[in-house]
Amino acid sequence: MIRTTNVTTNGLGTLRTLRATSAATFITAAITVAGCGSVNTTYTRTTPADSAISAQTRVNDIFQQFFLTAKEVRMNRTKGGPMEVQIDVENNGFAYKTFSYRFDWVDTAGNVIPSQLSVWKVTNVPSGGSTVIRAIAPSDDASDFRLQLRQSES
Amino acid sequence: MHIRSVIVLLPIALLAPVACERARYVDTGSPEGVITVGNVDMQDILKASSGMLESLAETGVLKTAKNKPAQLVMGEIVNDTSSRFDVGEMTYRMREQLVNTGQAAVVTTFGNTPEDKQAQEVLRREKFLKGETSEPLPDPDFSLTGKITQVKRSAGDTKQVTYTFRLTLTNLRSGLEVWTKTVDMTKLGNKNAVGF
Chain X
42 MIRTTNVTTN
52 GLGTLRTLRA
62 TSAATFITAA
72 ITVAGCGSVN
82 TTYTRTTPAD
92 SAISAQTRVN
102 DIFQQFFLTA
112 KEVRMNRTKG
122 GPMEVQIDVE
132 NNGFAYKTFS
142 YRFDWVDTAG
152 NVIPSQLSVW
162 KVTNVPSGGS
172 TVIRAIAPSD
182 DASDFRLQLR
192 QSES
Chain A
1260 MHIRSVIVLL
1270 PIALLAPVAC
1280 ERARYVDTGS
1290 PEGVITVGNV
1300 DMQDILKASS
1310 GMLESLAETG
1320 VLKTAKNKPA
1330 QLVMGEIVND
1340 TSSRFDVGEM
1350 TYRMREQLVN
1360 TGQAAVVTTF
1370 GNTPEDKQAQ
1380 EVLRREKFLK
1390 GETSEPLPDP
1400 DFSLTGKITQ
1410 VKRSAGDTKQ
1420 VTYTFRLTLT
1430 NLRSGLEVWT
1440 KTVDMTKLGN
1450 KNAVGF
């Protein structure tokens, strides 16, 4: 009985040891994966900005959507007249992400305004970090935008 | 024999599409295009012109001109990099946006080395025939000048180049700089690649 208890105790100990080892391995692996180039971010704002607007996303790449998240979309009118959009993009993955994006601006009728400002731009965001992508409308007539985001495979 | 042929040819057939990439069209300035470490690429030029135009629109500096739309003279923009490309690739895109949307008019008949000498001659002759000898012919508000520079560094085989595009708008009535903008592009690597 005592032996059995001991065995049971030993078994539990082994199990605990195994669990502890697994947890330590997992944490070490997570630190190893996330540690390289990861960033910690501190911010004071806890509620959406006054100029924040709701946005709709059509998801074609589920992994991109999972790891790269548009957290907040803000629109303001600039001093010069045209609209400015700022989008906070967060990288929730374990790896450094490179992605390209392009803004197309539309007028009140919903038509795209062709312009030399709508070009693909590339930016990077480290693991756990965030970046702000912004664009200025080509004219005062632009009232809304469409954003295309494309992630690098590497 | 037949099976042997299949065994020999199958890997070749599988590798063939990898080895040669067929020519295809991509959007100009698309991230799919070729990215070089030691040269200014089309993507860089488009990003630079877009960044400059965004800044001009954002500040509204062109709306402060006496003329409506603002009259602009294209000054010298120096390419001080080792990459050989026409600066007009950037400036003409900017002009297209500014002129065609009515934000500015580019004066092509200004100065001793006008962009359009024939138009300047015609304009002067017309003035002369009408008896209007007093200058100036056009009355521009701003001149646009700039410089493109590079900073190259390397660590082992890895090269890093930062290309900086900088433009300045000078008010021709006050002689003061009223707008300036820099757009940086840093590329790092040891060989050219096709984008994503």
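Protein chains in written order, with my numbering: chain X, 42 to 195; chain A, 1260 to 1455. Backbone N, C-alpha and C fix where the C-beta goes; we use that ideal spot for every residue, glycine too. Owing to the predicted nature of the structure, the values given are computational and were not obtained by experimental measurement.
Chain A within 8 Å of residue i, Cβ atoms only
i                : result
proline 179(X)   : yes
threonine 119(X) : yes
glutamate 113(X) : no
alanine 176(X)   : yes
glutamine 157(X) : yes
proline 167(X)   : no
alanine 136(X)   : no
valine 153(X)    : no
valine 163(X)    : yes
serine 141(X)    : yes
Presumed contact (8 Å Cβ cut-off) between residue i and residue j, rounded CB distance
i               : j                  : result
lysine 112(X)   : glutamate 131(X)   : 5 Å
lysine 1325(A)  : aspartate 1400(A)  : 6 Å
valine 1296(A)  : asparagine 1451(A) : 6 Å
glycine 1292(A) : proline 1328(A)    : Actually they are not in contact, since the Cβ atoms of glycine 1292(A) and proline 1328(A) sit about 33 Å apart, beyond 8 Å.
Residue i - DSSP class collapsed to helix/strand/coil
i                     : result
glycine 1347(A)       : helix
alanine 136(X)        : coil
alanine 1378(A)       : helix
threonine 55(X)       : With a pLDDT of only 46 at threonine 55(X), under the threshold of 50, the placement of this residue in the model should not be trusted, and no figure is reported.
alanine 1364(A)       : strand
serine 1413(A)        : strand
glutamate 125(X)      : strand
glutamate 1313(A)     : helix
alanine 1307(A)       : helix
phenylalanine 1455(A) : coil
glutamate 1436(A)     : strand
asparagine 1359(A)    : helix
threonine 1421(A)     : strand
lysine 120(X)         : coil
arginine 1354(A)      : helix
lysine 1322(A)        : helix
glutamine 157(X)      : coil
arginine 1281(A)      : coil
lysine 1327(A)        : coil
leucine 1388(A)       : helix
phenylalanine 108(X)  : helix
Burial state of residue i, where buried means 16 or more other Cβ atoms lie within 10 Å
i                     : result
phenylalanine 1387(A) : exposed
glutamine 1377(A)     : exposed
glutamine 1330(A)     : buried
threonine 199(X)      : Residue 199(X) is absent from the model: chain X starts at 42 and stops at 195.
glycine 1347(A)       : exposed
valine 1299(A)        : buried
glutamine 157(X)      : buried
lysine 1446(A)        : buried
leucine 1435(A)       : exposed
Proximity winner among the options, relative to residue i (alpha-carbon distances)
i                  : options                                           : result
methionine 1311(A) : Thr1445(A), Lys1440(A) and Met1444(A)             : Lys1440(A)
aspartate 91(X)    : Thr85(X), Met116(X) and Ser79(X)                  : Met116(X)
valine 1285(A)     : Val1420(A), Gly1319(A), Met1301(A) and Glu1317(A) : Met1301(A)
tryptophan 146(X)  : Arg86(X), Thr88(X), Val173(X) and Glu125(X)       : Glu125(X)
serine 1309(A)     : Val1332(A), Leu1357(A) and Lys1450(A)             : Leu1357(A)
alanine 1408(A)    : Met1444(A), Val1293(A), Asn1449(A) and Lys1306(A) : Position check: residue 1408(A) holds threonine in this sequence, whereas alanine was assumed. Among Met1444(A), Val1293(A), Asn1449(A) and Lys1306(A), the Cα nearest to that of threonine 1408(A) belongs to Met1444(A).
threonine 1367(A)  : Thr1340(A), Asp1345(A), Leu1403(A) and Val1337(A) : Leu1403(A)
proline 167(X)     : Leu109(X), Ile177(X) and Ala183(X)                : Leu109(X)
arginine 175(X)    : Ile94(X), Tyr137(X) and Gln127(X)                 : Gln127(X)
Minimum Cβ-Cβ distance from residue i to chain X less than 8 Å
i                     : result
phenylalanine 1455(A) : yes
glutamate 1436(A)     : no
arginine 1432(A)      : no
lysine 1440(A)        : no
threonine 1417(A)     : no
threonine 1421(A)     : no
Heavy atom of the ligand NAD within 7 Å of residue i beta-carbon
i                 : result
threonine 1318(A) : Summarising the ligand content, the structure contains no ligands, and the ligand NAD is consequently not present.
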